[in-house]
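Visitor: Pasting a structure below so you can have a look.
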Amino acid sequence: MARVKIDMPEQFRFITQLPVRISDVNYGNHLGNDAIMSILHEARMRYLASFGATELEVFGTALIMADAAIVYKGEGFYGDQLTVELTADEFNAVGFDLFYRISTFRGGQLTIIAEAKTGMVCFDYSARKVARLPEAFKTQLSKTNA
Numbered sequence: 001m002a003r004v005k006i007d008m009p010e011q012f013r014f015i016t017q018l019p020v021r022i023s024d025v026n027y028g029n030h031l032g033n034d035a036i037m038s039i040l041h042e043a044r045m046r047y048l049a050s051f052g053a054t055e056l057e058v059f060g061t062a063l064i065m066a067d068a069a070i071v072y073k074g075e076g077f078y079g080d081q082l083t084v085e086l087t088a089d090e091f092n093a094v095g096f097d098l099f100y101r102i103s104t105f106r107g108g109q110l111t112i113i114a115e116a117k118t119g120m121v122c123f124d125y126s127a128r129k130v131a132r133l134p135e136a137f138k139t140q141l142s143k144t145n146a
């Protein structure tokens, strides 16, 4: 069976910290796959907020997620402090990809928990159609925020 592979960038432009909450833990007593998507969303919102934007208002457009891929690398546990690194890349006329690396430092060692990619598309909610990626937004995404 073929596995998902994500070509991760070498550098990330934004870093945030999030704790693993008890509601993020599943019956296997580790971070659930549904919680990973929620963590990606929270990190993305913090990234956008770092330059005064939201998913609904970013340089005159909005964003929707067109696709997502997650590769699990290790377990996360209740009480872990997660480091989520993000960067934007692979720009096109209407969107870009966001890359994420989720890790924790536990027992003196760095553990990578997951690597992920979300395809983001600019969207005009009033017209209900895909919109062009504003050049000013692309420029902002390319800046180093970390």
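The opening position of the sequence shown corresponds to residue 1 in my numbering, with each subsequent residue numbered one higher.
All C-beta atoms in this analysis are idealised placements derived from N, C-alpha and C, irrespective of residue type, glycine included.
1. Nearest to I70 by alpha carbon, out of S23, F123, I36, I15?
2. Report the partner residues of V121 according to the DSSP bridge assignment.
3. Would L40 pass as a contact of Q81 if the rule is Cβ separation under 9 angstroms?
4. Could you tell me whether the region 107-115 touches the region 53-67, where touching means 3 or more Cβ pairs closer than 8 angstroms?
5. Roughly how far, in whole angstroms, is the beta-carbon of K73 from the beta-carbon of I112, given that I think they are within contact range, below 8 angstroms?
6. If I follow the unbroken beta strand (DSSP E) through Y15, where does it start and stop?
7. Just to confirm the assignment, what range does the alpha helix (DSSP H) spanning Q140 have?
8. For D24, is the classification buried or exposed, using 16 other Cβ atoms within 10 angstroms of its Cβ as the cut-off for buried?
9. Among R44, Y27, K5, V130, which one has its Cα closest to the Cα of Y78?
10. Of all the options K138, S38, R13, V20, which has the alpha carbon lying nearest to the alpha carbon of F91?
11. By the 10 Å Cβ neighbour count, where 16 or more other Cβ atoms means buried, how is V4 classified, buried or exposed?
12. Starting from the Cα of A62, find the closest Cα among M1, L141, E135, V121 and give me that residue.
Guide: On the basis of the data shown:
1. I36
2. I64, G95
3. no
4. no
5. 4 angstroms
6. Reading off the sequence, residue 15 comes out as Ile, not Tyr. 14-19 is the span of the beta strand (DSSP E), which, as asked, contains I15.
7. 135-142
8. buried
9. Y27
10. K138
11. exposed
12. V121
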